[in-house]
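Student: All residue numbers for the sequence shown refer to full-length UniProt numbering, where the first residue is 1 and numbers rise by one.
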Amino acid sequence: MKVFVLSLKQSTDRRKRVEETLGLTDIEFEFFDALTPQELSHEQRQRLNPEKTRNLKGYELTEGEIACFFSHMAIWQWSAQHGQDVLVLEDNVDIHPKFTFLVADLKQVYSQCTKPRTIIKLSASKQGVRFKKTHELNDSFTLGNYVKPTTGAMGYLMSSETAQSLVEHANEIIVPVDDYMEKVWIHRTNIVSVYPNVVSRAVIPSTIGHVRKSKTSLTLLDKINIETFRLYEQIRLKAYLLANR
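Laid out in structure tokens, this is it:
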């Protein structure tokens with residue numbers, strides 16, 4: 001398994017912080033250069049559909065969010081091309097003191113306790129969502145499912161097969177990368193989570209696409225369209241989960 005820390009090449013302070021933190025563990029890792037908006041290709045931008053994003057979600061993706069999406073996708077493409085599982089961390093996280101032991105346990109149980117094409121999330125950005133345990137990982141952590149999507153892509157593990165599926169189905173990009181990862185009915189994967197959080201957002205300035213979406217002015221019809229689409233996605237999610245229990 002390859003451990004990548006997604007980081008802008010010019011974020012030297014963050015990289016130094018990561019090196020100091022992970023240097024205290026036995027985990028071997030590499031930095032994976034994140035993309036800036038200026039580095040996005042014409043082909044990548046052709047996958048965007050800003051009008052559809054506005055109509056169905058009521059916001060516009062920021063340039064940082066777009067670059068963040070394609071940065072994560074670059075790791076998925078690497079994983080699929082090299083046939084290697086990956087553990088991905090963003091560079092603005094704090095890690096649990098028992099991170100090393102957890103990674104070893106996750107490697108051991110990944111194929112035994114999860115379905116094919118599974119994403120294991122190491123944190124939940126939304127707090128207070130009920131968690132249903134399915135497996136004990138060790139004395140400190142369990143594996144299971146949150147009853148609602150919790151967003152966040154600051155830390156996760158996936159197989160090369162899972163990465164390939166995420167890449168293949170990202171033909172049209174209308175939401176941030178963490179929202180896309182939660183839409184399992186689109187890319188035909190499964191999500192399980194580690195509880196409690198293994199990584200958490202560090203209190204440091206943002207650099208990789210975490211300025212939130214740009215909201216647009218909404219009419220009553222816009223709000224009806226957005227709510228209808230939200231309910232449609234809830235139905236799609238429930239139907240997919242029922243069919244893949």
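Just so it is clear, CB atoms sit at the ideal spot from N, CA and C, and this is done for glycine as well.
(1) Please report the residue range of the beta strand (DSSP E) in which D33 lies.
(2) Who are the near neighbours of W185 in its chain, counting only those whose CB is closer than 8 Å to its CB and skipping five residues on each side?
(3) May I ask which residues mark the beginning and end of the alpha helix (DSSP H) holding H82?
(4) Which whole-angstrom value is the C-beta distance of R47 and N171, which I expect to be below 8 Å?
(5) Taking the alpha-carbon positions, what's the L122 to Q10 distance?
(6) Output needed for S200: all residues of its chain with C-beta closer than 7 Å, excluding positions within five of it in sequence on either side, in chain order.
(7) Pairing CB atoms from the region 136 to 146 with CB atoms from the region 166 to 182, are three or more of them under 8 Å?
(8) Please give me, in chain order, every unbroken run of the beta strand (DSSP E) with length at least 3 that falls completely inside the region 159 to 205.
(9) State the Cα-Cα distance for the pair E51 and K107, rounded to the nearest angstrom.
(10) Would R117 pass as a contact of S160 if the rule is Cβ separation under 8 Å?
(11) Would L61 and T36 be called neighbours here (beta carbons separated by less than 8 Å)?
(12) Hey, out of V203, A163, H42, V109, whose CA is closest to Y180's CA?
(13) Please determine, among K16, A153, S71, the residue with the shortest C-alpha to C-alpha distance to V198.
(14) What is the DSSP secondary structure of K107, reduced to helix, strand or coil?
(15) Classify E168: buried if its beta carbon has 16 or more other beta carbons within 10 angstroms, exposed otherwise.
(16) Taking N55 as part of the alpha helix (DSSP H), name the residues at either end of that continuous run.
(17) Looking at I191 and L157, is the spacing between their C-beta atoms short of 8 Å?
(18) Judging by CA-CA distance, which residue of H82, L231, A243 is the nearest neighbour of L56?
(19) Quick one: measure Cβ to Cβ for V86 and K2, integer angstroms, because I've assumed they're closer than 8 Å.
(20) Quick check: what's the CA-CA separation for V88 versus F4?
(21) Just curious, the alpha helix (DSSP H) that I27 is in, first and last residue?
(22) Which stretch, first to last residue, makes up the beta strand (DSSP E) that contains F4?
(23) Considering only residues of the same chain and omitting the five flanking positions on each side of F229, which have a CB-CB separation below 6 Å?
(24) Pair every Cβ in the region 22 to 36 with every Cβ in the region 70 to 78, then say whether three or more of these pairs are closer than 8 Å.
(25) Taking S125 as the reference, give the member of A202, T189, V18 with the closest Cα.
Tutor: So, from the listed chains and residues:
(1) Taking the first residue of the sequence shown as position 1, residue 33 is located at position 33. 30 to 33 is the extent of the beta strand (DSSP E) around D33.
(2) Walking along the sequence shown from the start, residue 185 turns up at place 185. Excluding residues within five positions, the ones whose Cβ falls inside 8 Å are R236, L237, A239, Y240.
(3) As a working note, residue 82 is residue 82 in the sequence shown. Where H82 is concerned, the enclosing alpha helix (DSSP H) stretches over 63 to 82.
(4) Here residue 47 refers to the residue found at position 47 of the sequence shown. Here residue 171 refers to the residue found at position 171 of the sequence shown. The Cβ separation is near 6 Å, so the contact holds.
(5) Indexing the sequence shown from 1 puts residue 122 at position 122. Indexing the sequence shown from 1 puts residue 10 at position 10. Distance between the alpha carbons of L122 and Q10 is about 26 Å.
(6) Residue mapping note: residue 200 aligns to position 200 of the sequence shown, counting from 1. Closer than 7 Å at the Cβ level, and outside the excluded window around S200, lie V93, D94, S123.
(7) Under the Cβ criterion (8 Å, minimum of three pairs), the region 136 to 146 does not count as touching the region 166 to 182.
(8) 190 to 195, 199 to 201
(9) Counting from one through the sequence shown, the residue named residue 51 turns up at place 51. Counting from one through the sequence shown, the residue named residue 107 turns up at place 107. One C-alpha to the other measures close to 41 Å.
(10) Position 117 of the sequence shown, counted from the start, is the residue given in the question as residue 117. Position 160 of the sequence shown, counted from the start, is the residue given in the question as residue 160. No, they are not a contact pair.
(11) For the purposes of this step, residue 61 is taken as the residue at position 61 of the sequence shown. For the purposes of this step, residue 36 is taken as the residue at position 36 of the sequence shown. If you check the CB distance, L61 and T36 do not come in under 8 Å.
(12) The residue you call residue 180 lines up with position 180 of the sequence shown. Closest option to Y180, Cα to Cα, is A163.
(13) Looking up residue 198 in the sequence shown gives position 198. Of the candidates K16, A153, S71, the one whose C-alpha sits nearest the C-alpha of V198 is A153.
(14) Here residue 107 refers to the residue found at position 107 when the sequence shown is read from its first residue. Three-state result, K107: helix.
(15) Translated into positions along the sequence shown, residue 168 becomes position 168. Classification for E168: exposed.
(16) The residue given as residue 55 occupies position 55 in the sequence shown. That run of the alpha helix (DSSP H) goes 50 to 57.
(17) Taking the first residue of the sequence shown as position 1, residue 157 is located at position 157. Taking the first residue of the sequence shown as position 1, residue 191 is located at position 191. For L157 and I191, no; Cβs fall outside 8 Å.
(18) Within the sequence shown, the letter at position 56 stands for residue 56. Nearest C-alpha to L56: L231.
(19) Translated into positions along the sequence shown, residue 86 becomes position 86. Translated into positions along the sequence shown, residue 2 becomes position 2. Indeed, because the Cβ distance is near 5 Å, the residues count as touching under 8 Å.
(20) Translated into the one-based positions of the sequence shown, residue 88 becomes position 88. Translated into the one-based positions of the sequence shown, residue 4 becomes position 4. Computed Cα separation, rounded: 5 Å.
(21) Within the sequence shown, numbered from 1, the residue matching residue 27 stands at position 27. Neither: I27 is in no alpha helix (DSSP H) and is coded neither H nor E.
(22) Taking the first residue of the sequence shown as position 1, residue 4 is located at position 4. Per DSSP, F4 belongs to the beta strand (DSSP E) from 2 to 7.
(23) What you label residue 229 is simply residue 229 of the sequence shown in a count that begins at 1. Closer than 6 Å at Cβ, skipping near neighbours: L56.
(24) yes
(25) Along the sequence shown, one-based indexing puts residue 125 at 125. Checking every option, the nearest Cα to that of S125 belongs to A202.
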